[in-house]
Structures are given as structure tokens and as C-alpha cells.
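So for the sequence shown, our numbering puts the first residue at 4; every next one is plus one. Every residue, glycine too, gets a C-beta built ideally from N, C-alpha and C. This one's a predicted model, so the numbers in the text were calculated from it and none came from an experiment. One structure is given below, encoded as C-alpha cells.
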Amino acid sequence: MNTPSAISPLTIGHLARDLASRAGQPMPALRCYESLAALWIRSCDSGLPGAGALRDMTLRAGRRLAAGEDTLIAPEVDRIPRVLARDESFVRMPASLAVQGVEWQDAVRLARTWLEGRDWSGPVLVAGVRTGGAYLAPLVAAGLKAAGVDVRVTSVRPGEKPEVGDRRVLLVDDPPLTGRTLLALAREVPGAAGAEVLVPVFDAADVEGLRQAGIAVTVLPREEWQSTRRLEPAALSAYLTAEADWPRAKGAPVVDGLVPGRENSALIPWPGVRRRSPARAAIRLRTVGGIRHAVAGWVPPGIFGDAARAAATALRSPLPPATLAVAPSLVVSEDLLPTAALGPESAPRLLEEAVDYVLARAQQLPVEPARPGGPIPTVVRTVARALTGADEEASAALLHRLLSVLAPALPDNRCEAEKWFLDHGGRLRKTGHLAHPYRRDNELLTPLLDLAALAVAFGGGLEAVPQSLARRLPGGHQFWYSALAVALLCYGTARGGQLPRTYNTQRAAETAVEAYRLQRGMSQAAEAVQHMLTDAVADREAAAPGVVHRWAQPPGALVEPRLPVGGTPAAELDPRPTGEETELTLKAVTQWAESGIFHPVREGNTLLLAPLGAPSTWPRAGEALVELARLLPRPGLLGWCGVPVVALSEVG
């Protein structure tokens with residue numbers, strides 16, 4: 004059996020050393036451009052004196068890439084600041100290029116769209132909003148330069164003041180969610196010539212706030228993105244014929260057509276697929292064995308997709324979907340339609356299967372270990388600070404060591420409840436395990452994140468997974484419990500801010516359950532980690548802040564699990580509600596929920612209240628909760644634990 008080759012983590016140092024090793028030699032144009040852009044952005048963030056030279060090299064590479072060149076000559080080593088080769092910080096991968104489906108051609112098309120409708124003939128400054136916009140800005144500038152526009156390039160963040168002079172500022176960014184950052188910059192940055200915004204968008208309404216504020220906006224709608232257009236039937240068939248590798252097929256299959264109703268998720272919404280997810284299409288393949296159903300899903304075509312393609316080709320899992328083909332911008336996998344959701348607390352054998360999946364995946368997708376003395380990930384410091392009340396180096400180092408007990412591997416980090424389901428035969432399946440094999444915000448390349456996430460997805464709490472690990476690996480239950488507790492706090496901190504923010508009833512219910520389980524698990528984990536830190540760091544002068552299991556009111560957004568410290572804890576319910584009180588509570592909530600603002604979801608002895616509107620409607624929803632509190636039979640039944648919750652009697 005061949006030992007799998009380790010995957011290089013995407014760090015600034017790795018990119019700098021890779022470019023240095025290729026100096027003076029031809030390399031793929033997109034890889035060269037993206038590597039230079041990442042180094043330039045890091046130099047801007049850290050204030051290195053070599054940022055100007057890196058910007059110029061990035062711009063030149065962007066011009067040649069936009070001109071259609073497939074290969075570029077790697078820059079000489081002395082043009083890259085030496086300190087970058089020793090920088091082991093992770094590349095800040097923009098959502099647009101790493102997850103959502105924007106490609107370099109879209110930036111060039113955006114420039115062309117602006118040129119067709121421009122009302123300014125003078126010089127311009129293309130300002131890429133770091134991080135995502137800075138990857139796109141040199142390509143926008145390349146498109147403008149080719150048309151004869153006097154153009155310069157810079158990058159910017161709120162609070163920075165680039166030199167503008169008499170140039171009109173063209174702000175370039177990722178597809179906006181709220182537009183607040185762009186609006187603030189459009190007011191802060193421009194000189195006398197003013198500012199405009201150039202962005203790809205998922206929906207034209209995403210920039211309506213900018214237009215209402217009087218900002219000129221040029222957009223590239225999602226139906227015109229390269230990743231969307233590639234999934235048109237004729238284009239998809241031609242692309243797969245020319246580019247796809249079918250490792251297990253006897254002869255390359257032919258695309259027989261798209262599945263009605265699931266032709267292209269970017270244009271026709273699929274159930275369970277979020278609007279800001281990468282485009283995909285359900286297809287019929289004509290093979291020597293007959294028609295086979297598959298899904299063609301987008302992966303980044305450049306360096307950001309390296310790990311996705313490695314996962315697609317290397318992963319051999321007993322849990323489908325199997326990978327059928329890999330192309331530079333697509334992965335074709337089996338089409339699996341969820342048939343049954345996991346129960347509130349799934350059968351133990353299913354959890355055992357899932358643990359086996361994570362451990363097998365970790366062995367098949369190893370990552371090169373970090374260099375000694377590497378930085379402690381930010382999320383680890385955040386957890387240590389929250390649980391100790393200070394940024395204590397010793398505590399953060401201890402947590403980091405616990406997270407390193409398993410060899411580094413590409414985390415799946417997509418273990419939410421809706422990704423696991425049961426087929427008609429009651430067998431465990433997992434959808435989308437190649438969609439995000441390396442997330443842009445992962446500093447922790449550890450399978451512990453996946454294992455901790457299983458405690459949330461399978462509803463059994465933190466206790467069951469350590470027991471499963473102790474049966475498979477040396478170390479004992481208490482050892483794995485401590486490690487999993489730290490991992491769950493790190494996972495929950497990141498995942499809490501990534502939960503869906505637009506809902507139908509099904510999505511609202513799934514999100515509420517996940518948020519509640521995350522918050523409950525984080526409270527359990529925080530208590531365990533606090534005890535461990537207190538024992539390990541004996542000379543602590545100040546007591547650590549107490550763990551809050553249940554807040555009296557939302558400390559932030561209505562749906563957002565948080566590290567369970569601080570806030571105003573709700574009073575302890577002693578005794579729990581009686582059966583009669585629970586009956587009255589359920590009647591009150593049912594009548595109150597008829598307004599359609601919340602959707603009640605039962606989870607054990609707790610009723611979760613999932614808001615049905617977008618975050619912009621949540622202030623009104625918060626007012627409705629005040630009305631509900633008056634309708635309940637006893638004060639204190641309404642609280643917040645990841646989502647608004649109402650306590651019920653114990654389940655018999």
C-alpha cells in the first residue's frame with residue numbers, strides 16, 4: 004500500500020518558497036498571479052517595505068493572465084522580501100475565490116462592463132478592498148489598461164487613506180452581503196473625482212443600499228459568472244470532454260443532459276443549497292454501463308483549489324458520494340439525494356461509522372506538519388482569553404498542544420447536521436464532502452475539528468465521541484475528552500458566525516437545532532477546559548469568568564452561538580416546569596407563532612424558536628419575544644442558548 008503524499012498547507016511562507024524555487028522558470032499563469040497577489044496582500048497587512056514591488060509584479064502578471072497567457076516566468080528571488088519565506092501565517096483565502104465561485108475572468112468582464120457604461124474619461128485608481136477585492140483589483144486594472152485607461156492599483160481597508168490625487172476611485176470587492184464596508188469606503192477614500200463600486204453580485208438587491216446612498220455601482224450578475232456559464236449544457240459537455248480525468252471509468256462518459264429542476268443551482272435554487280454556495284448542476288452521464296446520475300460541482304481553478312482536487316482524487320471512503328471525475332474547475336461526484344434526516348440523537352452505530360469516516364479521511368489526506376515555533380492560531384488565543392480573562396501565553400500554548408494530538412490533515416469542517424443523512428436502507432451517507440475540504444478560515448489542520456463537530460451533528464453531546472476515540476486510539480477517555488472540548492470551542496467559535504442567515508421553514512429549523520447544540524456543547528466544553536486550565540496554571544491571580552449556560556436575553560444576534568462566558572445568565576429553573584405548565588406553554592407558543600415571525604422546533608425538553616426572517620427583521624422579532632414572555636405561565640421560561648429557547652418539562 005502506497006503512503007499518501009502530504010499536502011502542503013497554504014501559508015505565506017509556502018507560496019514564497021514555491022515562487023523562489025521556480026525563479027526564472029515557466030509556471031502556470033494563474034498560480035503565479037494568485038501567489039503574487041497573496042504575498043502583496045500580506046505585505047500590505049504587515050506594512051512591509053516591499054509591498055510596492057509586489058503590487059507591480061502582481062499587476063504585470065494580471066495583465067498577461069488577462070491577455071490569455073497560460074504560463075508566466077516566475078519572478079527572481081531578490082524581488083520577494085525574504086521575511087515572507089519565513090512567514091508561516093495562513094493565506095487569507097477570500098470567500099469569493101475559494102468558496103463562492105468567482106474566477107479571474109469575472110474581474111476582466113467586470114472591467115469591460117464598466118467601460119461600456121462609463122461616464123468618466125479621466126484617470127482612475129482601482130482600489131481592491133482587502134482581502135478578496137485585492138485579488139480581483141489588478142485584473143480589473145488589466146482590463147482597463149488594455150482599453151487605454153490611465154489606471155493605477157492599490158489595496159485598501161476601512162481607516163486607510165490611499166493617495167488619490169485627481170483620480171476617480173473604483174472600489175473592487177467580493178460579492179457584498181450588506182454593503183456597509185463599501186459604503187463607508189466610498190465616503191472615506193475618494194478625492195474630488197469621487198468613487199464608484201465594481202462588484203460581482205449574487206443578486207442585484209445586494210447593492211441596492213449603495214445605490215440609494217448615491218454611489219454608482221457596476222455589477223456582474225451571477226448568471227454571467229464564469230462558474231455559472233460553465234454549467235450550461237453545451238459548455239459543460241465540452242469542458243468535461245476536454246479537461247476531465249475519469250480515473251475509474253472505462254472510457255470518458257458523455258453528458259446526456261441536465262436533470263430537470265436541478266440544472267444549475269446558481270440559476271435555479273436547489274432545496275438545501277444556500278444562495279451563496281458554489282454553483283453545481285445535476286447531470287445524466289451516458290456510460291458503457293448505461294445512464295448514471297451525478298453532480299458537477301465548482302472548485303476553485305487555481306491554488307485555492309489544490310486541496311479540493313487532492314481530496315477528490317485521494318479520498319477513498321466507505322461513505323458515498325464517490326468521486327467520478329476531476330477537472331481544473333469542477334469535481335463530478337455521485338448524486339445523492341437525502342431521504343431521511345438524522346434523528347435527535349442518532350443510533351450509536353451511526354456515530355461509530357462517522358468517526359471511522361473522519362479517521363480514515365485523516366489518514367488519506369495528511370498535511371505537512373507545521374514548522375517548529377509557528378504561530379498559535381488566532382481562534383485558540385480567542386478561546387484562551389475568553390476562558391481565563393486574559394491573553395495568557397501559557398494557556399493558549401496548552402490548548403494548542405492538545406489540538407495537535409492527531410497528525411494534521413485536511414479538515415472536512417462541513418459536519419453540520421444537514422450534511423449527514425440516511426438512505427432508504429438506513430445506511431449513513433454524507434453529501435458535499437468535497438465542497439469545502441479546506442476552508443478559508445481554517446488555521447487548525449486537525450481532524451479533531453471534524454470529530455468535535457460530530458458531537459453537534461449527531462446530537463449526543465461531547466461525551467460519546469471521546470468514548471469512541473478511546474476504543475480506537477491510545478490515550479484514554481479523559482485525554483480525548485479534554486482534546487475534543489478544546490476542538491469544540493474552536494469549531495463553535497468559527498461555525499457560530501457562519502450559520503445561514505436567510506431561511507425557509509426547513510432551513511430555519513435545521514439552523515436552530517444546530518445553533519442550540521453548538522451552544523449547549525460549548526458550555527459543556529468550556530467548563531471542562533476551565534477546570535483543566537486552572538489545574539495546569541496554578542499561579543493564576545484572578546478567577547476565570549464563569550461559564551454561562553443560558554442567557555436571559557440574546558447577547559448579540561438572535562441566532563449566533565458564542566463562547567459561553569460573560570453576558571447576563573438566566574435564573575436557574577428550579578424546579579423544572581410541570582406537565583401542566585408545559586401544556587400551557589405549548590398552547591401559548593402555538594398561538595403566538597401564528598404571526599409567522601418564528602418557527603417553534605422541539606429538541607428534547609426545550610422548545611427552540613427559529614426566526615423566519617433575514618437578520619434585518621430580527622429587531623422586530625426581538626420585540627415579539629417580549630410579548631411571548633408575558634404569555635408564558637411562569638417567569639424565566641424564555642431564555643437564549645444559541646437561539647431563543649423555552650424550557651419544557653422533562654421528556655418521559
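Query                                                                                                                         : Result
Segment limits, alpha helix (DSSP H) that includes Leu-492                                                                    : 480-499
Straight-line gap, Pro-567 to Arg-523 (C-alpha atoms, nearest Å)                                                              : 9 Å
6 Å CB neighbourhood of Pro-469 in its chain, flanking five on each side removed                                              : His-480, Trp-483, Tyr-484, Leu-487
Stretch-stretch touch, CB-based, cutoff 8 Å, three pairs: the segment 296-314 with the segment 341-361                        : no
Identity of the residue in Val-649, Pro-618, Gly-131, Pro-622 nearest Arg-633 by Cα                                           : Val-649
Trp-43, DSSP secondary structure in three states                                                                              : helix
8 Å contact criterion, which Pro-564 and Met-525 should meet: CB distance rounded                                             : 6 Å
Cβ distance (whole Å) where Ala-19 is taken to contact Leu-42 below 8 Å                                                       : 6 Å
Inter-residue spacing [alpha-carbon to alpha-carbon] between Gly-182 and Val-143                                              : 20 Å
3 or more residues per run - each beta strand (DSSP E) lying fully within the segment 201-267                                 : 219-224, 257-261
C-beta atoms of Val-383 and Cys-493 nearer than 9 Å                                                                           : yes
Beta-carbon contacts of Arg-232 that lie in its chain and below 7 Å, excluding the five residues immediately before and after : Ala-238
Buried versus exposed call for Gln-594 [16 or more other C-beta atoms within 10 Å across all chains shown]                    : exposed
3-residue-minimum beta strand (DSSP E) runs that sit fully inside the segment 353-381, ordered along the chain                : none
Buried/exposed call for His-602, threshold 16 Cβ in 10 Å                                                                      : buried
Nearest-angstrom Cα separation, counted from Gly-607 out to Gly-655                                                           : With a pLDDT of 43 at Gly-655, under the threshold of 50, the modelled position of this residue cannot be trusted, and the question is left open.
Rounded separation between Val-94 and Gly-559 - CA only                                                                       : 29 Å
DSSP state of Met-535 mapped onto helix, strand, coil                                                                         : helix
Strand pairing of Ser-336, partner residues [DSSP]                                                                            : Val-298, Thr-326
Segment contact, 8 Å Cβ cut-off, at least three pairs: the segment 216-229 with the segment 124-138                           : no
Contact the segment 421-435 vs the segment 307-325: 3+ CB pairs below 8 Å                                                     : yes
Per-residue DSSP class, three states only, for Arg-95                                                                         : coil
Identity of the residues DSSP links to Phe-424 by a beta bridge                                                               : Ala-344, Arg-432
Beta carbon of Ala-314 nearer than 9 Å to that of Leu-13                                                                      : no
9 Å Cβ cutoff met for Thr-184 and Pro-203                                                                                     : no
Ala-299 beta carbon less than 9 Å from that of Leu-243                                                                        : yes
Any 3 or more C-beta pairs closer than 8 Å across the segment 81-96 and the segment 115-123                                   : no
Trp-643, enclosing beta strand (DSSP E) - first and last residue                                                              : 641-643
At least three beta-carbon pairs within less than 8 Å, the segment 245-255 to the segment 265-280                             : no
For Phe-307, the three-state DSSP class (helix, strand or coil)                                                               : helix
Nonlocal neighbours in the same chain, by C-beta distance under 6 Å from Val-172, ignoring five residues either side          : Leu-128, Ala-130, Val-192, Pro-193, Ala-198
Spatial neighbours of Glu-79 in its chain, beta-carbon cut-off 8 Å, leaving aside the 5 residues before and after             : Ala-26, Gly-27
6 Å CB neighbourhood of Gln-367 in its chain, flanking five on each side removed                                              : Pro-7, Ala-317, Leu-318
Reference Ile-286; option with closest CA among Pro-256, Arg-278, Val-276                                                     : Pro-256
Rounded Cβ spacing between Leu-454 and Ala-490 (contact assumed at less than 8 Å)                                             : 7 Å
Stretch-stretch touch, CB-based, cutoff 8 Å, three pairs: the segment 67-77 with the segment 29-49                            : yes
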